[in-house]
Amino acid sequence: MSDDENAQRGRPPRERLADDMIEQRPTGERRKASAALDEARLRQQAIGVRLRQMFDQVVNEEVPDEFLDILRRADSRSSENG
Amino acid sequence: MADDTLRRPPPTAADDEAFKRELVQLIPHLRAFARTLCGDPAAADDLAQDAMMKAWDARASFQMGTNMKAWTFMILRNQFYSEKRRSWRQSQLDQEAAERTLVAVDDPEAPVALDELRQGLAMLPAEQREALILVGAGGFAYEEAAEICGCAVGTVKSRVSRARRALHAILEGGAYDRDGEPASEAMRSILADAERLSTVR
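Line by line, the protein sequences give chains H and B.
Mapped onto the working numbering, the consecutive letters of the first sequence carry residue numbers 594 to 675.
Mapped onto the working numbering, the consecutive letters of the second sequence carry residue numbers 812 to 1012.
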């Protein structure tokens, strides 16, 4: 089986794996590198999505009444003074 | 800031009203940012409330129409670090609390990957973590994040990129994909969750 056939079929059959790891071919290497880059980019995107979701989950929580109460009290204090 | 207060006329009731409206809309974001800084949800809400009141008290120095979100985030961050300096004991507990509950979410349905991301974030140096959160989750431009953190734009950029790389490596369990190793369990669940989310949206 040629290198190209291997690449087209995705992963080589199991028994060829060891051969492939020992015999590093330049073209396969390049292809692997660019695939790894895409993969890394994909994972970074996944982390980004997660990160935003984690933050937004708190943003979407209901704001405890305490916050508005405190602000209301401060506001009425300042309008009395002013 | 103090000089501005002296020069500008005192705020009118209408100014206060407009300021308050905008401030109220920022509360959820302040809570989320506070949660990433101090972990424990109750302590985070205390911090967010303090920051909200500091912003309210300083409203005369805020120029309406400029970026109030960045301004309040800066207040919250300063508040957090000044409190931390005041109490060494608390800062010792912070790390533990962060590892336990960084951005603890009340939702029992929250995907598993959140836990791993939380733990990964807790392992980053604080300045990398906050830069990544401001830019990656808070929706701030590098310039705004630099203003909030009081550092140069280039510094924020390099912190964010170092944080991204480090987080990736942590989630991969140190087995970066160079050798064709499969993603670690953590990364796998994050990928699965992200896939699920992208189909939902």
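C-beta atoms are modelled at their ideal positions from N, C-alpha and C, and glycine is treated no differently.
Identity of the residue in the options nearest residue i by Cα
i                         : options                                : result
arginine 634 of chain H   : B:Lys831, B:Ser1000, B:Arg975          : B:Arg975
leucine 887 of chain B    : B:Asp851, B:Ala824, B:His840           : B:His840
leucine 1002 of chain B   : H:Arg670, H:Leu664, H:Gly621, H:Arg643 : H:Arg643
arginine 929 of chain B   : H:Asp662, H:Leu630, H:Gln646           : H:Gln646
valine 835 of chain B     : H:Ser669, H:Glu654, H:Ser671, H:Leu664 : H:Leu664
glutamate 954 of chain B  : B:Met885, B:Pro936, B:Arg832           : B:Met885
asparagine 653 of chain H : B:Glu1006, B:Phe844, B:Glu894          : B:Phe844
asparagine 878 of chain B : B:Lys865, B:Ala862, B:Glu833           : B:Glu833
alanine 948 of chain B    : H:Glu632, H:Asp649, H:Gln637           : H:Asp649
cysteine 962 of chain B   : B:Gly984, B:Arg973, B:Glu938           : B:Glu938
glycine 950 of chain B    : H:Leu661, H:Asp658, H:Asp668, H:Gly641 : H:Gly641
aspartate 662 of chain H  : B:Met864, B:Glu894, B:Ala825           : B:Met864
Residue i classed as buried or exposed, judged by whether at least 16 other C-beta atoms fall within 10 angstroms
i                         : result
methionine 875 of chain B : exposed
alanine 628 of chain H    : exposed
arginine 846 of chain B   : buried
aspartate 851 of chain B  : buried
alanine 980 of chain B    : exposed
alanine 626 of chain H    : exposed
arginine 666 of chain H   : exposed
arginine 940 of chain B   : buried
arginine 623 of chain H   : exposed
arginine 670 of chain H   : exposed
glutamate 927 of chain B  : buried
aspartate 856 of chain B  : buried
serine 1000 of chain B    : buried
alanine 862 of chain B    : buried
alanine 639 of chain H    : buried
tyrosine 987 of chain B   : Caution applies to tyrosine 987 of chain B, whose pLDDT of 35 falls short of 50 and renders its modelled position unreliable; the value that the coordinates give is listed next. The residue is exposed, with fewer than 16 neighbouring Cβ atoms inside 10 Å.
leucine 630 of chain H    : exposed
Residue j beta carbon less than 7 Å from that of residue i
i                            : j                        : result
valine 946 of chain B        : alanine 957 of chain B   : no
isoleucine 838 of chain B    : valine 651 of chain H    : no
methionine 998 of chain B    : leucine 982 of chain B   : yes
isoleucine 959 of chain B    : alanine 869 of chain B   : no
valine 971 of chain B        : leucine 935 of chain B   : no
phenylalanine 891 of chain B : leucine 932 of chain B   : no
arginine 842 of chain B      : alanine 854 of chain B   : no
alanine 871 of chain B       : threonine 883 of chain B : no
Cross-chain neighbours of residue i in chain H, by beta carbon under 8 Å
i                         : result
glutamine 860 of chain B  : Glu659, Phe660, Ile663
alanine 948 of chain B    : Leu644, Arg645, Met647, Phe648, Asp649
isoleucine 944 of chain B : Leu644, Phe648
lysine 831 of chain B     : Leu664, Asp668
Where residue i meets chain B, residues with beta-carbon distance less than 8 Å
i                       : result
arginine 623 of chain H : By Cβ distance, chain B contributes nothing, its closest Cβ being about 14 Å from arginine 623 of chain H, past 8 Å.
arginine 634 of chain H : Ordered by position in chain B, no residue passes the 8 Å Cβ test against arginine 634 of chain H, which lies about 11 Å from the chain.
serine 627 of chain H   : Chain B residues near serine 627 of chain H: none, gap ~13 Å exceeds 8 Å.
Interface partners of residue i on chain H, CB under 9 Å
i                        : result
arginine 975 of chain B  : Gln637, Ile640, Gly641
glycine 850 of chain B   : Those within 9 Å of glycine 850 of chain B in chain H number zero; the least Cβ separation is about 12 Å.
aspartate 856 of chain B : Pro657, Glu659, Phe660
Closer than 7 Å at the beta carbon, the chain H residues around residue i
i                          : result
alanine 843 of chain B     : Phe648, Val651, Val652
leucine 978 of chain B     : Ile640
asparagine 864 of chain B  : Sequence inspection shows methionine at residue 864 of chain B; the asparagine mentioned does not correspond to that position. Ile663, Ala667, listed in chain order.
isoleucine 1001 of chain B : Ala639, Ile640, Arg643
Entirely enclosed alpha helix (DSSP H) segments - the stretch 822 to 881 of chain B, minimum 4 residues: 824 to 849, 852 to 868
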